[in-house]
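Residue numbers for the sequence shown follow the working numbering, so the first one is 10 and each next one is one higher. Don't be surprised by glycine CBs; every beta carbon is placed ideally from N, CA and C. Quick caveat, the model's predicted, so the values are computed rather than measured. Report on the structure given below.
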Amino acid sequence: MTVDLEESPTAAPPGPRRRPRWLIPLLVVVLLAQMAGAMVVTAVQQTPTIDEPVYVGTAVTYLEQRSLRYNPEHPPLGKMIIAVGVAFADPQLDPAFRGNQTALGRHVLYEAGNDPYELMFLARLPMIILTLLFGLVVFAFARDLVGPVGGLLALALYALSPDVIAHGSLATLDVPAIGFLLTAVWLTWRARARPYLYLPLAGVALGAALATRMSVLPAVPLLMLLAFLALKRLRGLAAAAGVAVIAFAVVWVAYLIVDPRLGWVEPTGMPVVPGLRGLLVDVLPVPEPYRDGMRIQFAFEDRSFRGFLFGELYRGSLWYYLPAALLVKTPIGMMVLWLAGAAAMLAVPRLRTAALYLILPAGLLFAVAMTGARDFGTRYAIFMPIFGAVVAAAVVAVKWRWARVTAAALVLFVAVSSLRTFPYYLPYSNEAFGGPAATHLRLHDSNVDWGQDLGRLADRLRERYPGEQVWLVYRGAGLPSAYGINAANPYRVPDADVRGLLVVSNSSAAKAGSRLKALIASSGEPIDEIGHSITIYRR
10 MTVDLEESPT
20 AAPPGPRRRP
30 RWLIPLLVVV
40 LLAQMAGAMV
50 VTAVQQTPTI
60 DEPVYVGTAV
70 TYLEQRSLRY
80 NPEHPPLGKM
90 IIAVGVAFAD
100 PQLDPAFRGN
110 QTALGRHVLY
120 EAGNDPYELM
130 FLARLPMIIL
140 TLLFGLVVFA
150 FARDLVGPVG
160 GLLALALYAL
170 SPDVIAHGSL
180 ATLDVPAIGF
190 LLTAVWLTWR
200 ARARPYLYLP
210 LAGVALGAAL
220 ATRMSVLPAV
230 PLLMLLAFLA
240 LKRLRGLAAA
250 AGVAVIAFAV
260 VWVAYLIVDP
270 RLGWVEPTGM
280 PVVPGLRGLL
290 VDVLPVPEPY
300 RDGMRIQFAF
310 EDRSFRGFLF
320 GELYRGSLWY
330 YLPAALLVKT
340 PIGMMVLWLA
350 GAAAMLAVPR
360 LRTAALYLIL
370 PAGLLFAVAM
380 TGARDFGTRY
390 AIFMPIFGAV
400 VAAAVVAVKW
410 RWARVTAAAL
420 VLFVAVSSLR
430 TFPYYLPYSN
440 EAFGGPAATH
450 LRLHDSNVDW
460 GQDLGRLADR
470 LRERYPGEQV
480 WLVYRGAGLP
490 SAYGINAANP
500 YRVPDADVRG
510 LLVVSNSSAA
520 KAGSRLKALI
530 ASSGEPIDEI
540 GHSITIYRR
């Protein structure tokens with residue numbers, strides 16, 4: 010006799026439905042695929058931003074001349090990664106070229122016979138791939154903390170972040186440096202269980218971060234502390250020292266790959282760095298060009314730059330600039346999840362240790378960045394959306410009934426906000442501040458207008474304003490004539506002679522002097538805008 014378990018009063022209740030094994034990998038692929046699509050479209054459509062030609066030109070000199078003489082203020086690894094893509098374009102460089110790094114970038118892109126569109130896309134492609142790989146680190150770190158659902162939440166926030174998409178699609182150094190640092194932190198977290206496997210790898214990842222940008226140097230003592238905690242006592246001290254030794258060895262290797270002889274000649278006019286900063290430069294076990302790069306960076310920090318915040322132009326730096334800029338440029342749902350995740354990480358006993366690995370590094374870097382002299386953009390705090398994505402995953406560990414539903418709704422809010430700005434991720438601002446069309450009213454520089462829309466301007470002039478006189482005030486590294494823009498400089502003639510189309514970069518307008526202010530004021534209402542970064546007036 011058989012018994013139908015569904016009808017038997019003593020049958021056990023059915024267990025929870027198991028999730029198909031393929032579901033999580035599929036969702037990871039979907040999230041990264043949408044991110045890849047957004048970054049590729051952005052990379053194809055945007056012309057060079059202000060910093061990119063210098064990095065691309067330097068990458069070409071690495072390939073052609075094995076020389077470190079250009080762009081010494083940044084270590085070589087990020088530019089070596091750019092060079093991997095640039096090599097496929099077989100770039101040309103005049104061996105007789107002489108000039109500074111700005112002129113080098115212009116020469117490589119516009120004067121040496123290279124295709125600027127092809128060259129820029131191939132330079133950006135390795136960074137796009139690397140940004141996607143860092144997305145896997147975000148997922149894996151969060152999964153280790155709170156499981157696959159938390160991993161998906163973290164990856165969604167990372168893959169939808171307008172700042173990460175914007176800067177991950179450029180041939181710049183901000184995202185790779187922080188991505189390598191997050192990788193080092195994750196490997197140090199894993200080293201608590203298998204220290205002898207993961208601590209050496211953490212040292213390599215930390216070295217990659219140091220060999221990309223010097224701004225991650227403040228994190229070195231913290232990573233050494235985390236390495237110490239993996240073993241403690243004498244073995245912990247050895248582990249901390251070992252991670253540091255490996256990291257600085259990676260820095261040396263990066264320089265030696267570019268120039269095996271390290272034939273470095275100190276640039277003329279190298280600044281002298283006094284006090285504790287000078288002592289730090291002298292004692293770090295790094296190559297001499299790295300030391301000189303630190304000296305240049307410290308000299309930048311001693312300068313006074315002009316900034317722009319909430320419509321006000323000022324000189325110097327404001328300690329609250331980065332918090333205010335992040336408030337404008339971070340999706341609202343993302344900020345809520347960061348705060349909720351941080352609270353959950355501190356409230357759930359098993360996650361409190363993770364705060365040392367995630368909240369403390371981000372907080373340290375943020376405190377250092379707030380004291381910086383350059384109020385130029387949230388890219389200086391790009392660690393917030395990267396580390397914050399993993400922190401936010403902690404909300405799934407909260408036992409509140411509606412926690413996961415609320416988190417999913419906030420992620421959906423982030424998705425809608427991010428997709429609405431496509432493909433203009435660089436000038437993104439959230440709904441509370443009017444969206445990307447209003448960002449230029451509150452922020453400038455790489456927050457909104459970094460010279461990225463010269464190609465779009467050329468297309469618009471051809472389509473809507475053929476044959477009209479164009480007067481251009483453009484802030485960027487691109488060469489207008491290379492994109493078919495035949496424009497005159499309005500500063501070279503009296504105001505009364507400026508008739509036709511007045512085209513102004515929004516960052517130029519933010520820092521306008523009396524002459525440009527008068528030209529804009531006497532031009533009436535704008536008749537068009539390009540990519541939320543360039544405004545057109547008719548005079």
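Alpha-carbon to alpha-carbon, residue j and residue i
| i | j | result |
| --- | --- | --- |
| Gly443 | Ala353 | 31 Å |
| Val414 | Ala406 | 13 Å |
| Arg133 | Asp99 | 15 Å |
| Met379 | His541 | 27 Å |
| Tyr389 | Arg27 | 43 Å |
| Pro394 | Val37 | 18 Å |
| Pro269 | Gly316 | 41 Å |
| Ala527 | Ala447 | 22 Å |
| Val357 | Ala363 | 10 Å |
| Gly350 | Pro230 | 25 Å |
| Val158 | Arg152 | 7 Å |
| Pro332 | Leu235 | 27 Å |
| Gly272 | Asp311 | 29 Å |
| Ala239 | Leu226 | 21 Å |
| Thr140 | Leu40 | 13 Å |
| Ala180 | Ala486 | 13 Å |
| Ile305 | Ala416 | 44 Å |
| Leu335 | Ala250 | 35 Å |
DSSP-derived helix/strand/coil call for residue i
| i | result |
| --- | --- |
| Ser170 | coil |
| Ser516 | helix |
| Gly316 | strand |
| Ala497 | strand |
| Leu511 | strand |
| Thr11 | Residue placement at Thr11 is poorly supported in this model, since its pLDDT is 38, which falls under 50; the coordinates are not used for a value here. |
| Ser438 | coil |
| Leu208 | helix |
| Trp411 | coil |
| Glu534 | coil |
| His449 | helix |
| Leu231 | helix |
Range of the contiguous beta strand (DSSP E) that encloses residue i
| i | result |
| --- | --- |
| Thr544 | 543-547 |
| Asp537 | 537-539 |
| Tyr323 | 321-324 |
| Leu481 | 479-482 |
Residue i classed as buried or exposed, judged by whether at least 16 other C-beta atoms fall within 10 angstroms
| i | result |
| --- | --- |
| Ser426 | buried |
| Trp480 | buried |
| Gly278 | exposed |
| Val12 | Caution applies to Val12, whose pLDDT of 35 falls short of 50 and renders its modelled position unreliable; the model cannot decide the point. |
| Arg199 | buried |
| Val184 | buried |
| Asn498 | exposed |
| Ala530 | exposed |
| Ser224 | buried |
| Arg508 | exposed |
| Leu118 | buried |
| Val259 | buried |
| Pro535 | exposed |
Rounded distance between the beta-carbons of residue j and residue i, thought under 8 Å
| i | j | result |
| --- | --- | --- |
| Ser313 | Asp384 | Actually they are not in contact, since the Cβ atoms of Ser313 and Asp384 sit about 11 Å apart, beyond 8 Å. |
| Thr67 | Gln110 | 7 Å |
| Asn495 | Ile341 | No, Asn495 and Ile341 are not in contact; Cβ-Cβ is about 43 Å, not under 8 Å. |
| Tyr71 | Ala92 | 5 Å |
| Gly122 | Gln101 | 5 Å |
| Ala263 | Pro85 | 5 Å |
| Leu131 | Val95 | 6 Å |
Bounding residues of the alpha helix (DSSP H) (the contiguous stretch that carries residue i)
| i | result |
| --- | --- |
| Glu297 | 297-310 |
| Tyr126 | 125-155 |
| Ala200 | Premise fails: Ala200 is in no alpha helix (DSSP H) and is neither H nor E. |
| Ser523 | 523-530 |
| Met223 | No alpha helix (DSSP H) contains Met223, which DSSP labels as neither H nor E. |
| Pro503 | From DSSP, Pro503 is part of no alpha helix (DSSP H); its letter is neither H nor E. |
| Arg242 | 242-267 |
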